Each structure stands twice: as structure tokens, then as C-alpha cells.
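Everything below concerns the one structure shown next.
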Amino acid sequence: MKLAVLLREDLPVWQRLNVTAFLVSGLASAHPELIGEPYLDADDTEYLPMFGQPLLVFAGSKETLTAAHGKALARGWTVSIFTSELFHTGNDRDNRAAVRGVPSDALDLVGLAVHGPRNAVDKVLKGASLHS
């Protein structure tokens with residue numbers, strides 16, 4: 000299995016980080032089995048669990064994002080998305096309304112996150128490169 004985030008390559012760094020944080024929260028909520036055990040330090044202080052496997056971050060063009068979105072939906076996957084409109088909203092209700100008002104094929108995607116079999120994720124993200 001593979002966890003992956005795909006970001007639009009023209010985003011400023013602060014937006015890439017912000018979008019990634021939001022997208023992975025969607026994966027965690029949809030796939031709780033991906034979360035590992037809590038962390039403990041030598042003093043037995045407990046820390047929150049995180050994904051139990053690596054998450055890879057990719058970058059691609061707007062066209063690559065649109066294609067990946069379509070391929071993921073065609074496979075019946077639940078996908079975490081972030082659209083450009085969400086940079087201008089200030090809360091979850093407005094975020095959902097901004098997405099709700101746009102048909103799937105017209106979303107101005109700036110990022111998406113997927114989870115699936117390794118080869119299938121590679122096919123969905125075809126054309127993207129590892130984020131550098």
C-alpha cells in the first residue's frame with residue numbers, strides 16, 4: 000500500500016506545507032487503520048500516533064492534478080482534495096461550501112491525497128515527480 004500527496008508545482012512553499020497538512024488529515028480520518036501506535040519517550044511521556052508507513056509527497060502541473068483526480072475517482076477511491084478557493088475561506092463550513100459549488104471536473108485543484116495499492120497509486124500519479 001502507498002500513501003501519497005500530490006501538490007501543484009506552482010504553489011509557494013507556505014501553501015505547499017499548509018495544503019499537505021490538510022490533505023493528510025483527510026487520509027487519517029478515512030483510513031484509521033493507517034495510524035500506528037502512540038510514541039513514548041524514555042520518561043514515559045506519551046505522544047500522538049502518526050501514520051505507520053511513509054507518506055510520499057509529489058509535485059505536478061495543474062493538468063497532472065486534474066488527471067490524477069479523475070483516475071482516482073474512476074477507481075472508486077476516496078480522495079482528500081484542496082482547491083484554490085480554500086485559500087480564501089476561514090473555516091470548515093465555508094471550505095465545504097466552496098467545494099460543493101463546483102462540479103468535479105471543474106475543481107481548481109492545488110492538491111490531493113490518495114491511499115491505495117502501490118502500483119495503482121503510481122498509475123494515478125503518472126506524470127508527477129517526487130517533491131524536492
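The numbers in numbering that gives the first Met the number 0 rise by one with no breaks, and the one at position 72 of the sequence shown is 71. For every residue, glycine included, the Cβ atom is placed at its ideal position computed from N, Cα and C. Computed from a predicted structure; not experimentally measured.
For residue i, three-class secondary structure by DSSP
{"i": "arginine 74", "result": "coil"}
{"i": "threonine 88", "result": "coil"}
{"i": "valine 98", "result": "helix"}
Integer Cβ distance of residue i from residue j, believed to fall under 8 Å
{"i": "valine 39", "j": "leucine 2", "result": "It should be noted that the sequence gives leucine, not valine, for residue 39. Actually they are not in contact, since the Cβ atoms of leucine 39 and leucine 2 sit about 24 Å apart, beyond 8 Å."}
{"i": "alanine 71", "j": "histidine 130", "result": "Not really, about 18 Å apart at Cβ, beyond 8 Å."}
{"i": "aspartate 107", "j": "serine 79", "result": "Rounded, the Cβ-Cβ distance is 16 Å, inconsistent with contact."}
{"i": "alanine 66", "j": "glycine 115", "result": "The pair is not a contact, with the Cβ atoms about 16 Å apart (cut-off 8 Å)."}
Beta-bridge partners of residue i, as assigned by DSSP
{"i": "serine 128", "result": "Ala58"}
{"i": "glycine 110", "result": "Leu6, Phe81"}
{"i": "leucine 39", "result": "Glu45"}
{"i": "lysine 1", "result": "Gly115"}
{"i": "phenylalanine 50", "result": "Ile34"}
Same chain only: Cβ atoms within 6 Å of residue i, ignoring 5 sequence neighbours per side
{"i": "alanine 29", "result": "Thr77"}
{"i": "glycine 110", "result": "Leu6, Val18, Leu22, Phe81"}
Proximal residues to residue i (C-beta, below 7 Å), its chain only, five neighbours per side dropped
{"i": "valine 56", "result": "Val4, Leu6, Thr19, His130"}
{"i": "valine 120", "result": "Lys1, Ala3, Val113"}
Segment contact flag, the region 84-92 with the region 44-60, C-beta cutoff 8 Å, min 3 pairs: With the cut-off at 8 Å, the region 84-92 and the region 44-60 do not touch.
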